[in-house]
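Sequential numbering from 34 applies to the sequence shown in the numbering used here.
What follows is one structure encoded as structure tokens, with my remarks underneath.
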Amino acid sequence: MGKIGVVGSINMDMTVKAERIPLKGETVKGGDLKYIPGGKGANQAVAMAKLGAKVEMFGCVGDDAAGASLVKNMQKMGVETKCIKTVAGTPTGLAMITVGDNDNTIVVIAGANDDVNIDYVNEIKNSLLECEIVLLQHEIPQDTVEYVARLCADNGVKVVLNPGPARPVKQEILDKVTYLTPNEHEAVILFGEDISFEEMMRKYPEKLVITQGSRGVSTCLRSGEIILVPARKANVVDTTGAGDTLNGAFTVAIMEGMFITKALAFANTAAEGHRAECRPALK
């Protein structure tokens with residue numbers, strides 16, 4: 034199997050559990066505070082490595098203890114890290130996560146992720162273009178996402194764009210990526226409220242994949258048939274990173290040549306397995 038590249042964020046997740054998500058202006062009692070490897074990009078890379086894929090991570094960390102431990106953790110999980118850049122005088126990205134009532138809220142501080150810029154991509158371009166598929170997200174600068182999408186499209190490298198956190202994407206970039214995997218909220222940001230999810234998917238058959246949490250994931254076949262691949266039942270422990278696992282597993286399945294319906298079923302199974310587990314903290 035060929036190599037998969039991930040260009041994206043590397044964060045330290047500071048996670049606290051509570052009975053429920055606090056309301057605006059409310060204080061609730063928290064449980065144990067844990068520091069857990071995160072960042073959408075790094076999460077996706079680790080998920081794919083766990084599935085046996087050959088994965089290389091492209092991104093930046095700060096010159097601090099968090100950055101060093103995150104790179105070490107990815108290496109331990111089997112992710113190639115030789116192109117990860119350590120940025121002097123900049124903190125590693127941080128996500129502050131509150132988990133409660135089977136849901137979560139997240140505040141992200143970009144830190145070194147903002148240094149995943151076009152100059153950096155040009156530095157690692159040769160290694161990036163060795164990949165057969167590249168997975169992108171929105172926790173790095175938008176002009177970098179666009180540059181990588183164009184670069185890959187021009188060189189015959191498939192691109193999976195997971196457009197989260199939600200922000201608009203140029204039509205040119207939507208056309209260039211091979212697969213687009215928003216959740217329902219992100220799909221509305223991309224295409225507007227005046228078009229149904231079915232119409233969106235029919236516009237991009239076997240390209241636009243809309244994730245719907247516990248309901249599953251939908252796409253449109255080239256025949257025009259809308260399909261919903263239902264999620265498996267799971268005892269939910271923590272939803273944090275489940276979407277990243279789904280995107281990683283979907284990308285691995287596509288790399289292995291699975292038809293899209295089988296790839297989505299495989300990705301759903303991996304995501305539900307993630308939801309039923311707690312992510313291990315760094316030791």
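Glycine included, C-beta positions come from ideal geometry on N, C-alpha and C.
Given the structure is predicted, the values throughout are model-derived calculations rather than measurements.
Residue environment, residue i, which counts as buried when at least 16 other CB atoms sit within 10 Å
i: residue 37; result: buried
i: residue 73; result: buried
i: residue 7; result: The shown model of the chain, from 34 to 316, leaves out residue 7, and the question about it has no answer.
i: residue 48; result: buried
i: residue 42; result: buried
i: residue 71; result: buried
i: residue 140; result: exposed
i: residue 249; result: buried
i: residue 220; result: buried
i: residue 177; result: buried
i: residue 251; result: buried
i: residue 121; result: exposed
i: residue 192; result: buried
Distance, residue j Cα to residue i Cα
i: residue 85; j: residue 277; result: 16 Å
i: residue 247; j: residue 171; result: 23 Å
i: residue 253; j: residue 259; result: 4 Å
i: residue 64; j: residue 44; result: 21 Å
i: residue 115; j: residue 173; result: 19 Å
i: residue 270; j: residue 305; result: The predicted model places residue 270 with a pLDDT of 41, which falls under 50 and marks its position as unreliable; any figure quoted below should be read in that light. If I take the Cα positions, the gap works out to 10 Å.
i: residue 99; j: residue 227; result: 44 Å
i: residue 53; j: residue 204; result: 39 Å
i: residue 168; j: residue 214; result: 11 Å
i: residue 242; j: residue 210; result: 12 Å
i: residue 280; j: residue 262; result: 14 Å
i: residue 179; j: residue 218; result: 21 Å
i: residue 188; j: residue 162; result: 7 Å
i: residue 157; j: residue 67; result: 33 Å
i: residue 195; j: residue 119; result: 25 Å
i: residue 185; j: residue 155; result: 12 Å
i: residue 129; j: residue 103; result: 16 Å
i: residue 230; j: residue 97; result: 43 Å
i: residue 232; j: residue 105; result: 44 Å
i: residue 181; j: residue 57; result: 38 Å
i: residue 295; j: residue 152; result: 38 Å
i: residue 142; j: residue 109; result: 25 Å
i: residue 201; j: residue 159; result: 29 Å
i: residue 164; j: residue 132; result: 35 Å
i: residue 207; j: residue 166; result: 16 Å
i: residue 223; j: residue 190; result: 23 Å
i: residue 101; j: residue 75; result: 14 Å
i: residue 146; j: residue 212; result: 23 Å
Bridge-paired residues (DSSP) for residue i
i: residue 164; result: None; residue 164 has no bridge partner.
i: residue 251; result: 243, 261
i: residue 71; result: 44
i: residue 37; result: 88, 166
i: residue 66; result: 49
7 Å CB neighbourhood of residue i in its chain, flanking five on each side removed
i: residue 59; result: none
i: residue 144; result: 95, 123, 124, 125, 126, 127
i: residue 78; result: 39, 88, 90, 107, 112
i: residue 299; result: 282, 286, 291
i: residue 183; result: 209
i: residue 150; result: 174, 177
i: residue 272; result: Since pLDDT at residue 272 reaches only 45, below the 50 mark, its modelled position is unreliable, and no value is offered.
i: residue 255; result: 238, 239
i: residue 293; result: 239, 252
Check: residue i C-beta below 7 Å from any heavy atom of the ligand MG
i: residue 227; result: Annotation note on the ligand MG: not contained in the displayed structure, which lists no ligands.
Close beta carbons around residue i, own chain, < 8 Å, minus the five adjacent residues each side
i: residue 257; result: 235, 238
i: residue 289; result: 34
i: residue 148; result: 93, 118, 120, 123
Sequence-distant residues of its chain with Cβ nearer than 6 Å to residue i (five each side left out)
i: residue 216; result: 244
i: residue 285; result: 81, 84, 86
i: residue 61; result: 51, 55
i: residue 46; result: 69, 71, 128, 130
i: residue 297; result: 250, 262
Residue-level contact to chain B via CB, residue i, 8 Å cutoff
i: residue 233; result: In the displayed structure, chain B is absent; only one protein chain is listed.
Q) Whole alpha helix (DSSP H) runs in the stretch 174-249 with 4 or more residues, listed along the chain? A) 175-187, 204-209, 217-224, 230-236
Q) Can you list the alpha helix (DSSP H) stretches of 4 or more residues lying completely in the stretch 71-143, in chain order? A) 73-83, 98-109
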